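Enquirer: Quick one: the structure is below, and I'll ask about it shortly.
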Amino acid sequence: MIPGRPLSAPSLSAWRLSGALALALCVGVAVALFAGPTLAQSMTFDLGDAGGTATGRIVQMIALVTVLSLAPSILIMMTAFTRIVIVLSFLRSALGVQQVPPTTVMMSLAMFLTFFVMAPVFERCYTQGIQPLMNQEIDEVEAFKRTAAPLRDFMLHHTGEKDLRLFLDMARLQNVEQASDTPLHVLVPAFMISEIKRGFEIGFLLFLPFLIIDMVVSSILMSMGMMMLPPTMVAIPFKIIFFVLVDGWYLIAGSLARSFGTL
Numbered sequence: 000m001i002p003g004r005p006l007s008a009p010s011l012s013a014w015r016l017s018g019a020l021a022l023a024l025c026v027g028v029a030v031a032l033f034a035g036p037t038l039a040q041s042m043t044f045d046l047g048d049a050g051g052t053a054t055g056r057i058v059q060m061i062a063l064v065t066v067l068s069l070a071p072s073i074l075i076m077m078t079a080f081t082r083i084v085i086v087l088s089f090l091r092s093a094l095g096v097q098q099v100p101p102t103t104v105m106m107s108l109a110m111f112l113t114f115f116v117m118a119p120v121f122e123r124c125y126t127q128g129i130q131p132l133m134n135q136e137i138d139e140v141e142a143f144k145r146t147a148a149p150l151r152d153f154m155l156h157h158t159g160e161k162d163l164r165l166f167l168d169m170a171r172l173q174n175v176e177q178a179s180d181t182p183l184h185v186l187v188p189a190f191m192i193s194e195i196k197r198g199f200e201i202g203f204l205l206f207l208p209f210l211i212i213d214m215v216v217s218s219i220l221m222s223m224g225m226m227m228l229p230p231t232m233v234a235i236p237f238k239i240i241f242f243v244l245v246d247g248w249y250l251i252a253g254s255l256a257r258s259f260g261t262l
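Everything in the sequence shown is counted per numbering that gives the first Met the number 0, starting at 0 for the first residue and increasing by one.
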């Protein structure tokens, strides 16, 4: 740098970047030096007490971590999410717009619609199983049974008898007297294929009006001799305005929520 000459913009940026990196390094070193002993002193790891062995505690911890890691998938399989997300995917395909709404928006809408539909069930799960466990009124095994009971009732209410009988036969469980006695490993797949089937049925009904628009647009283009113009591209604006005019999102959201009814 020439004495008395002001720094140029790139030089100023380089000096600022170097200063910021040095400051960040100093802060990181200080945090590591001063916070390390504090964190080391505050963390405890208890593998057992007078009422249990270390091996039992380790097994319980592994089981808890496994359940927590699979919790999102479990909730998706045992709730209304499957049907809702299938219907929304069919809707986007029927409209012919593969990127609008974005996948993130569609998944978020499906998730919050699921929370809305499942709110009474989740409330019963919390009241019957989780809250007594937090109050130390019941143990973990009883809490699991009570928490799973509302979800079991919901799945039984929306599972087809034919689908349930299929998995009962494959599991060789012919002595199930009441539907409420159906094991979860049999009920969950039966519920899922029932939900997928209903989602496809609703998707078929969604496709019909948009298919008619495609056929009309294609016929008009052929009669006008515009065979080189893609009918799908021309039909998309008409599909969108049709969906907006009939207030499609209102109808879809309301119909999906009402299709589950109340328990």
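Note that CB positions come from ideal geometry on N, CA and C, so glycine has one too. These numbers were taken from a predicted model, which means no experiment stands behind them.
(1) Entirely within the region 139-209 and at least 4 residues each: give me those alpha helix (DSSP H) ranges in chain order.
(2) Hey, out of L67, L165, I83 and I212, whose CA is closest to F259's CA?
(3) Three Cβ pairs or more, each shorter than 8 angstroms: is that satisfied between the region 99-115 and the region 208-218?
(4) Quick one: what does DSSP say D213 is sitting in, helix, strand or coil?
(5) Rounding to the nearest angstrom, what Cα-Cα distance links G198 and L74 in this structure?
(6) Closer than 6 angstroms by C-beta to P149: which residues in its own chain qualify, once you throw out the five before and the five after it? Chain order, please.
(7) Express the C-alpha separation of I61 and S68 in angstroms, rounding to a whole number.
(8) Could I get the ranges of all uninterrupted alpha helix (DSSP H) runs contained in the region 54-122, with 4 residues as the minimum, in chain order?
(9) Along the chain, where does the alpha helix (DSSP H) containing L244 start, and where does it finish?
(10) In angstroms with no decimal places, state the Cα-to-Cα distance between E139 and H157.
(11) Less than 8 angstroms between the beta carbons of R145 and Q127, yes or no?
(12) Can you have a look at F242 and say buried or exposed, based on whether 16 or more other CB atoms are within 10 angstroms of its CB?
(13) Going by beta-carbon coordinates alone, are L220 and P236 separated by less than 8 angstroms?
(14) When you compare the CB positions of L205 and S179, do they come within less than 8 angstroms of one another, or not?
(15) In whole angstroms, what is the alpha-carbon distance linking M225 and F89?
(16) Taking the straight line between their C-alpha atoms, what separation do you get for P36 and F114?
(17) Whole angstroms is fine: what's the gap from S254's alpha carbon to M133's?
(18) Using a Cβ-Cβ cutoff of less than 6 angstroms, which residues in the same chain neighbour S217 once the five nearest sequence positions on both sides are dropped?
(19) Could you tell me the alpha carbon to alpha carbon distance between Q177 and E200, rounded to whole angstroms?
(20) What first and last residue would you give for the alpha helix (DSSP H) that runs through I251?
(21) Less than 8 angstroms between the CB atoms is what I'm expecting for L167 and V185, so what's the real figure, rounded?
(22) Using the Cα positions of P131 and I240, report the straight-line distance between them to the nearest angstrom.
(23) With DSSP run on the structure shown, which of helix, strand or coil describes G128?
Expert: Inspection of the coordinates gives the following:
(1) 139-156 and 160-169
(2) I83
(3) no
(4) helix
(5) 18 angstroms
(6) V120, R123 and C124
(7) 11 angstroms
(8) 80-94
(9) P230 to L244
(10) 28 angstroms
(11) yes
(12) buried
(13) no
(14) no
(15) 29 angstroms
(16) Because the pLDDT of P36 is 47, which lies under 50, any placement of that residue in the model is unreliable, and the number read from its coordinates should be weighed accordingly. If I take the Cα positions, the gap works out to 43 angstroms.
(17) 37 angstroms
(18) P230
(19) 29 angstroms
(20) G247 to S258
(21) 6 angstroms
(22) 52 angstroms
(23) helix
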